[in-house]
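In this note's numbering, the protein residues as written are 4 to 188.
All C-beta atoms in this analysis are idealised placements derived from N, C-alpha and C, irrespective of residue type, glycine included.
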């Protein structure tokens, strides 16, 4: 499960005591990573009280909306596992896709052929300039892993951080049980 190289579909799992409110106990899906341009990702487990229908007028499905990160919170992004419904989807790996034809997304949501079990929607994104993420990795801020569509879409967002670490086993399984505030231990 664990990998040392960042690629599309890598998961960046926040160390238990990261100390950055934007990424505390977060799991970030890397959607794009190049040494020259930097890294684009989406926080998978920061929920909001909003639904996609709250921010897009012609969508009527009550699909939850997540915070993808602190950058450009006025933008909408999505990952899914239905490239058969959405042309132009970018394969991230292991049955997970990013973006694609938004008109087809809206139609599929309204028809009920694209559901919460197949897609996650995000406002904003997470971004790192060239070299920034490499520096954070050297500081052991993030743990790198991989995932697949079944695990990602079948795991409740509020359990994703803990369950991803447990799935990695060994020392990571131990980390999954660290309290949010160790003083309360």
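- In the DSSP assignment, residue 139 falls outside any beta strand (DSSP E) and within the unbroken alpha helix (DSSP H) covering 135-141.
- Given a length threshold of 3 residues, each whole run of the beta strand (DSSP E) inside the region 47-81 is given here in chain order: 50-54, 67-70.
- Three or more beta-carbon pairs separated by less than 8 angstroms are not found between the region 102-111 and the region 15-25, which leaves the two stretches without contact.
- DSSP places residue 32 in the strand class (E or B) of the three-state scheme.
- Using a Cβ-Cβ distance cut-off of 8 angstroms, the region 39-46 and the region 133-151 are in contact, since at least three pairs of beta carbons, one from each stretch, lie closer than that value.
- Ranked by how close their Cα comes to the Cα of residue 118, the residues 70, 33, 64, 34 have 64 in first place.
- Contact between residue 45 and residue 31 holds, with the beta-carbon distance rounding to 7 angstroms and staying under 8 angstroms.
- In this chain, the beta strand (DSSP E) harbouring residue 94 covers 93-96.
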